[in-house]
Ligand SMILES: [Zn+2]
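Numbering (the working numbering), first residue to last: 8 to 435.
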């Protein structure tokens with residue numbers, strides 16, 4: 008009897024323990040006919056005593072050619088919401104199933120019901136993920152450090168302190184040649200806990216899509232906080248089944264409608280600058296991407312995959328018009344980071360070998376001698392903090408440092424064949 012009591016107490020504590028953190032519920036639902044074009048599920052009771060921040064609702068079916076439309080509605084104390092449709096997720100494809108893009112429910116609910124516009128041949132799985140704030144949640148403050156170090160980020164234990172969002176056990180590694188920018192296609196209100204949003208994406212990718220882990224390598228929220236997804240060097244699931252040779256970063260928001268914040272772009276650029284210098288990715292020009300067989304910019308958007316005949320291109324608009332149109336500025340900004348300049352990512356060896364800068368260190372005048380066949384078109388000077396301080400279109404190859412204070416500078420040379428090389432120069 009004592010043992011039985013102990014087991015009962017243990018079970019109760021196990022259940023309440025499980026509900027202290029975010030958790031998922033799945034409904035494998037059958038529909039019954041109501042009217043000609045309306046097939047309803049039973050009303051499912053939602054029972055949780057824990058206060059959740061929001062619910063993420065999504066759906067999937069193993070019938071890839073399913074063409075029914077699916078809707079859900081919720082109620083609290085018998086007051087029903089209107090029906091809301093779950094539409095096909097055209098941004099993340101999964102070979103064995105068809106997924107329906109998630110939506111978030113912010114209201115407290117006690118019942119949910121599903122509806123289809125026709126009978127389905129295979130049952131459909133509706134997934135509800137309840138985001139519950141963990142007391143040990145550790146949210147980082149936004150940081151604004153401009154360098155090519157890996158910026159501070161919220162790692163998996165930070166956004167999922169319960170340990171219920173594990174990393175995949177056997178990751179595939181890849182050497183990125185391209186950085187792919189995404190959006191999550193969902194906007195959030197002020198005061199949102201984005202660690203919980205990242206948890207909900209992990210659940211959506213793993214338990215709804217059936218992937219091994221959250222699809223992206225990194226995520227950035229509107230406050231400029233960076234979250235580690237699959238992390239550095241791991242092949243993700245984000246670029247329309249052509250993920251080899253890519254790093255995927257998801258900017259949280261819907262940039263078809265919203266505009267990314269300054270903090271977001273700043274964090275995104277810092278993250279990209281680190282990745283570009285770490286993997287020696289030229290962010291400015293296009294180069295060949297093996298898996299898609301396309302010439303793509305070093306920083307590309309998900310939608311740039313649409314013209315590929317490989318993989319599973321989907322006609323996605325990701326990362327949204329208002330973020331996609333910023334990619335040229337992001338390429339240009341990152342290429343001006345002093346750490347990017349000094350890392351010589353895009354230095355052309357032919358040009359570097361032909362250039363001679365003397366004297367170095369210099370007091371006032373320095374000469375740039377080019378023994379190759381090209382001419383010097385443009386010279387940019389950056390200070391040690393990486394800020395571009397002067398751009399010169401030299402008639403002669405003599406640069407004056409007379410009015411510069413003493414210290415370290417970077418001299419970036421562009422020649423008539425559009426090759427660049429960067430030289431460290433000390434002004435005494
Ligand atoms: Zn995308």
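Where is the CB? At the ideal position from N, CA and C, for every residue including glycine.
Neighbourhood of residue i by C-beta, 6 Å cutoff - its chain only, sequence neighbours within 5 removed
i	result
residue 359	428
residue 254	183, 186, 224, 282
residue 153	Unreliable positioning characterises residue 153 in this predicted model, as indicated by a pLDDT of 34, which lies under 50. The coordinate reading is nonetheless provided below. Excluding positions up to five away in sequence, the list is empty.
residue 396	388, 390
residue 171	28
residue 50	118, 120
residue 71	105
residue 195	none
Proximity to residue i [Cα-Cα], best of the options
i	options	result
residue 32	44, 53, 175	53
residue 328	339, 264, 302, 268	264
residue 390	175, 163, 434, 291	434
residue 227	240, 220, 261, 211	261
residue 65	83, 91, 56	91
residue 272	211, 286, 180, 230	230
residue 62	113, 47, 98	113
residue 274	293, 232, 292, 245	232
residue 459	209, 39, 289	With the chain represented from 8 up to 435, any question about residue 459 goes unanswered, as that position is not in the structure.
residue 341	369, 288, 312	288
residue 425	395, 291, 345	291
residue 109	116, 40, 117, 98	98
residue 280	155, 130, 161, 214	155
residue 189	169, 244, 126, 164	244
residue 107	45, 212, 86, 268	212
residue 248	161, 240, 313, 276	313
residue 174	115, 196, 241	241
Own chain residues within Cβ distance below 7 Å of residue i, not counting five before or after
i	result
residue 148	Unreliable positioning characterises residue 148 in this predicted model, as indicated by a pLDDT of 34, which lies under 50. A coordinate reading is not provided.
residue 339	none
residue 324	263, 310
residue 205	166, 226, 234
residue 322	97, 313
residue 409	371
residue 295	302
residue 85	none
residue 398	385, 387
Residue i Cβ short of 7 Å to ligand 1 heavy atom set
i	result
residue 189	yes
residue 326	yes
residue 95	no
residue 98	yes
residue 309	yes
residue 245	yes
residue 323	yes
Distance between residue j and residue i (C-alpha atoms, nearest Å)
i	j	result
residue 270	residue 158	13 Å
residue 423	residue 401	12 Å
residue 411	residue 367	14 Å
residue 136	residue 35	15 Å
residue 198	residue 60	11 Å
residue 143	residue 302	At residue 143, the pLDDT of 49 sits below 50, so the modelled position is not reliable; the number obtained from the coordinates is stated separately. So the alpha carbons of these two residues sit roughly 45 Å apart.
residue 201	residue 330	19 Å
residue 103	residue 69	6 Å
residue 384	residue 405	13 Å
residue 48	residue 38	5 Å
residue 178	residue 251	12 Å
residue 120	residue 191	26 Å
residue 83	residue 203	23 Å
residue 95	residue 124	15 Å
residue 79	residue 93	8 Å
residue 316	residue 348	35 Å
residue 337	residue 41	53 Å
residue 45	residue 122	7 Å
residue 420	residue 403	13 Å
residue 87	residue 134	19 Å
residue 319	residue 305	21 Å
residue 361	residue 379	5 Å
residue 128	residue 162	42 Å
Same chain only: Cβ atoms within 8 Å of residue i, ignoring 5 sequence neighbours per side
i	result
residue 364	373, 374, 375, 376, 418, 430, 432
residue 57	26, 27, 137, 139
residue 414	390, 391, 433, 434
residue 217	67, 101, 103, 104
residue 258	188, 189, 190, 191, 226, 227, 267, 271, 275, 326, 330
residue 180	240, 241, 242
residue 130	35, 36, 37, 68
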